[in-house]
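*Asks:*
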Amino acid sequence: MLPKSKRAGGRGGGRGAGGMKGGSKVIVEPHRHEGVFIAKGKEDALVTRNMVRGEAVYGEKRVSVQNEDGTKIEYRVWNPFRSKFAAAILGGADNIWIVPGARGLYFGAASGTTVSHVSDLVGPTGLVYAVEFSHRSGRDLINMAKKRTNVIPIIEDARHLAKYRMLVGIKRWYMLKNFDYYLNCMVFLLSPFLRNPVCIAMWFD
């Protein structure tokens, strides 16, 4: 169990809005959404616990925390200017339905930027079915999933459910056909982080 806060040293490469300045001392504290954390330093940042320690997915910065027993926990900065989910969390979303051990579908996975953080959130006991239509982005998604065993990449048109229903399972296929009733949905504004004003997420257990 992670203590309420830990001091850490910033590390890792990658630039861009929402990142942290490398080398700065920070304190990592739990966010109100389970599995999400806030790294507080010269610049506060949303972070997730890295499921694949020592590996960055898209050049994001990383923060390491040393426990009293000498072991280390690594966190990855979650940039709200590059991820709708991160923007939603910082924008005050009441519930994201993504918790450790959860399983769900992610439509429009692209190269896996946000999916990798969802992978961190659900952890080794959870599962993310990541659907992406573009084969170019899909290659990056597949490469990311090679090191994250809780991510199942599906390179298909999300609208053609019959093409990947066997990967998701019969029960979930039935839920997808009736998602307006069965799947949890949330809609919220993302401004000022992204131009796209609305995010819709669907998740199931």
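If you read the sequence shown in full-length UniProt numbering, its first letter stands for residue 1, the second for the next number, and so on. No residue lacks a Cβ here, since even glycine has one placed at the ideal position from N, Cα and C.
1. Over what stretch of residues does the beta strand (DSSP E) that includes Leu127 continue unbroken?
2. Which first and last residues belong to the alpha helix (DSSP H) in which Gly138 is found?
3. Please determine, among Thr149, Asp120 and Ile27, the residue with the shortest C-alpha to C-alpha distance to Val63.
4. Using a Cβ distance threshold of 8 angstroms, determine whether the region 144-158 contacts the region 116-134, with at least three qualifying pairs required.
5. Could you give the uninterrupted runs of the beta strand (DSSP E) lying entirely in the region 77-124, keeping only those of 3 residues or more?
6. Grouping DSSP H, G and I as helix and E and B as strand, with all else coil, what is Val168?
7. Can you give me the Cβ contacts of Pro100 inside the same chain, cut-off strictly under 8 angstroms, excluding the 5 residues immediately before and after it?
8. Relative to the C-alpha of Ser137, which candidate in Asp157, Glu74 and Asn95 has its C-alpha closest?
9. Look at the alpha carbon of Arg159 and the alpha carbon of Asp69, and state the distance between them as a whole number of angstroms.
10. Which word fits Gly104, buried or exposed, when buried means at least 16 other C-beta atoms lie within 10 angstroms of its C-beta?
11. Report all residues from its chain with a CB closer than 6 angstroms to the CB of Lys72; omit the five preceding and five following residues, and keep chain order.
*Replies:* Checking against the coordinates, here is how it stands:
1. Position 127 of the sequence shown, counted from the start, is the residue given in the question as residue 127. It spans Leu127 to Glu132 - the beta strand (DSSP E) in which Leu127 sits, taken as one unbroken run.
2. Counting from 1 along the sequence shown, the entry for residue 138 is found at position 138. First-last of the alpha helix (DSSP H) with Gly138: His135 to Ala145.
3. Position 63 of the sequence shown, counted from the first residue, corresponds to residue 63. Among Thr149, Asp120 and Ile27, the Cα nearest to that of Val63 is on Ile27.
4. yes
5. 103-107
6. Here the question's residue 168 lines up with position 168 in the sequence shown. The answer is helix: DSSP assigns Val168 an H, G or I state.
7. Position 100 of the sequence shown, counted from the first residue, corresponds to residue 100. If we look at Pro100 and ignore the five residues flanking it on each side, its Cβ neighbours are Glu34, Gly35, Leu121, Val122, Gly123, Thr125 and Gly126.
8. Here residue 137 corresponds to residue number 137 of the sequence shown, with the count starting at 1. Checking every option, the nearest Cα to that of Ser137 belongs to Asp157.
9. Along the sequence shown, read from residue 1 onward, the residue named residue 159 stands at position 159. Along the sequence shown, read from residue 1 onward, the residue named residue 69 stands at position 69. Each residue's alpha carbon lies about 49 angstroms from the other.
10. Translated into the one-based positions of the sequence shown, residue 104 becomes position 104. Gly104 should be labelled buried.
11. As a first step, residue 72 is located in the sequence shown; it is residue number 72 there, counting from the start. Same-chain partners within the cutoff: Ser64 and Gln66.
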